[in-house]
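Per UniProt numbering, the very first residue in the sequence shown carries number 1; after that it's consecutive.
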Amino acid sequence: MENFISSLKFRNLVPEEIEKVLDRLVFRKNQTVFMEGSTPLGVYILYKGSILIFKLGSQKEQVLRILQEGEMFGCTDLILQKRFGSSARAILDSIVFFMPKNLFMELLKSDSDFNQKIISQFANEIKKLEEKSVSLAFKPVRGRLADSLLFLNQKTENTDKKIYLSRKELAGYTGTVKETVNRLLSEFRKEKLISMNRKEINILNQDHLQKISTMYE
1 MENFISSLKF RNLVPEEIEK VLDRLVFRKN QTVFMEGSTP LGVYILYKGS
51 ILIFKLGSQK EQVLRILQEG EMFGCTDLIL QKRFGSSARA ILDSIVFFMP
101 KNLFMELLKS DSDFNQKIIS QFANEIKKLE EKSVSLAFKP VRGRLADSLL
151 FLNQKTENTD KKIYLSRKEL AGYTGTVKET VNRLLSEFRK EKLISMNRKE
201 INILNQDHLQ KISTMYE
C-alpha cells in the first residue's frame, strides 16, 4: 500500500496528504464490500486481508477473482459508467482504502504513471480470465481443483500459507459444486497431498499437485 500511495502524484501532494483523502474502511470476514447492481461511487484498494469478487447465479456463486493486498478493484465499472457487474466480499478480516470517483478520474487525467498502472491491471485481469476459461474448458475437475489450491497457496499473504476459503467458495472458484470439492479434497488428503480441517487447507505435496494440475482430458 505504501508503494501505491507513494506512486500517486495528485496535485503535488505528498503521500501522507494523499492518504488523508482516502477513506479507510474495515470489513469483517464475510462482510459485503459492494453488491452487483449497485452504483460505483469510487474505487477500492485492498490494504490488508483478502477480498472475493463473485457473481451470483441461479444455483451457485461464481468466483471471478481473489484479490491480493495492494490490488485496486471496482475501477472497471466506474470507468465504463456502469453499475457493478459483480459483488465483493471479505473472506478474511480486511482493511480497504476507498478512493472517491472525483479523485480517481482526476488521477487518470493528470498522472500518466497512474494511467499506465490501470491499463496494466486491466491487461493482467484479461490474461487471468483467458487462462481460467481454458482451464474450465479443458481440464478435468481434479486438475482444476489442484490448480486452484496451488494458485491460492501462492497468492495468500499469510505467513503460514494456509488456505482459508470455505468449501462453497472453493467450489465457486474451481467451477464445480461443493459436493465434488469435498470428495476431491478427501482424496487429496488420503493421498497425503494436503491436510485440512473445517476452517483451513494446508498443502503438503506441491510437486504432485502441480502434476495433477497440468493434466488435461
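Ideal placement from N, C-alpha and C gives every residue a C-beta, glycine not left out. The structure displayed is predicted, hence computed values, not measured ones.
**Request:** Name the one or two DSSP bridge partners that P100 has.
**Result:** Here residue 100 corresponds to residue number 100 of the sequence shown, with the count starting at 1. Per the DSSP secondary-structure output, P100 pairs in a beta bridge with G42.
**Message:** Among the candidates M72, Q121, V134, whose CA atom is the shortest distance from the CA of M215?
**Reply:** The residue given as residue 215 occupies position 215 in the sequence shown. For the residues M72, Q121, V134, the minimum Cα distance to M215 belongs to V134.
**L193 and L184 closer than 8 Å at C-beta** = Looking up residue 193 in the sequence shown gives position 193. Looking up residue 184 in the sequence shown gives position 184. No; because the gap between Cβ atoms is not below 8 Å, this pair is not in contact.
**Asked** If we ignore side chains and look at the alpha-carbon of each, how far apart do F114 and L107 end up?
**Response** Mapped onto the sequence shown, residue 114 falls at position 114. Mapped onto the sequence shown, residue 107 falls at position 107. Straight-line Cα distance between these residues: approximately 7 Å.
**Prompt:** What span of residues does the alpha helix (DSSP H) with E131 cover, start to end?
**Reply:** For the purposes of this step, residue 131 is identified with residue 131 of the sequence shown, where counting begins at 1. Per DSSP, the unbroken alpha helix (DSSP H) holding E131 starts and ends at 112-138.
**Message:** What would DSSP say about V63, mapped onto helix, strand or coil?
**Reply:** Numbered from 1 along the sequence shown, position 63 holds the residue referred to as residue 63. Strand at V63.
**Asked** Which residues in the same chain as I163 place their Cβ atom closer than 7 Å to its Cβ, once the five residues preceding and following it in sequence are excluded?
**Response** Position 163 of the sequence shown, counting from 1, holds the residue named residue 163. Excluding sequence neighbours, I163 sits near L149, L152, N153, T156, E200, I201.
**Item:** DSSP beta-bridge partners of V26
**Value:** By one-based count along the sequence shown, residue 26 stands at place 26. DSSP output for V26 lists I95 as bridge partner(s).
**Request:** Pick out the complete alpha helix (DSSP H) segments inside the UniProt domain "HTH crp-type" (139-207), 4 residues or longer, and give them in chain order.
**Result:** Counting whole runs of 4 or more residues, the UniProt domain "HTH crp-type" (139-207) contains the alpha helix (DSSP H) stretches 141-155, 167-174, 178-190.
**Request:** Could you spell out the range, first to last residue, of the beta strand (DSSP E) harbouring T32?
**Result:** For the purposes of this step, residue 32 is taken as the residue at position 32 of the sequence shown. Boundaries of the beta strand (DSSP E) around T32: 32-34.
**Asked** M215 by DSSP, collapsed to three states: which one?
**Response** Numbered from 1 along the sequence shown, position 215 holds the residue referred to as residue 215. Coil, per DSSP.
**Prompt:** What's the gap between the Cα of Q210 and the Cα of K48?
**Reply:** In the sequence shown, counting from the first residue as 1, residue 210 sits at position 210. In the sequence shown, counting from the first residue as 1, residue 48 sits at position 48. Within the model, the alpha-carbon separation for Q210 versus K48 is close to 28 Å.
**Asked** If you count every other CB in all the chains shown that lies within 10 Å of the CB of D77, and 16 or more means buried, which is it?
**Response** In the sequence shown, residue 77 corresponds to position 77, counting from 1. That one is buried.
**Prompt:** What residues are listed by DSSP as bridge partners for K48?
**Reply:** Here residue 48 refers to the residue found at position 48 when the sequence shown is read from its first residue. In DSSP, K48 forms a bridge with I95.
**Request:** Determine, using beta-carbon pairs with one atom in the stretch 163-175 and one in the stretch 54-73, whether at least three such pairs fall under 8 Å.
**Result:** Using a Cβ-Cβ distance cut-off of 8 Å, the stretch 163-175 and the stretch 54-73 are in contact, since at least three pairs of beta carbons, one from each stretch, lie closer than that value.
**Request:** Could you tell me how far apart the beta carbons of R89 and F54 are, in whole angstroms, since I believe they sit closer than 8 Å?
**Result:** Working through the sequence shown from its first residue, we reach residue 89 at position 89. Working through the sequence shown from its first residue, we reach residue 54 at position 54. The Cβ separation is near 7 Å, so the contact holds.
**Prompt:** If you run the structure through DSSP and keep just helix, strand and coil, what is K55?
**Reply:** Position 55 of the sequence shown, counted from the first residue, corresponds to residue 55. Strand, per DSSP.
**CB-CB length for S50 against S94, believed under 8 Å** = Reading the sequence shown from its first residue, position 50 is the one you call residue 50. Reading the sequence shown from its first residue, position 94 is the one you call residue 94. Going by Cβ atoms, the distance from S50 to S94 rounds to 6 Å, so yes, they are a contact pair.
**Asked** For the candidate residues R189, G57, K132, G42, whose alpha-carbon lies nearest to that of H208?
**Response** Residue numbering aside, residue 208 sits at position 208 when the sequence shown is read from its first letter. Closest by alpha carbon: R189.
**Prompt:** Within this structure, are the beta carbons of G74 and V26 separated by less than 8 Å?
**Reply:** Taking the first residue of the sequence shown as 1, we reach residue 74 at position 74. Taking the first residue of the sequence shown as 1, we reach residue 26 at position 26. Annotated as distal: G74 and V26, with beta-carbon spacing of 8 Å or more.
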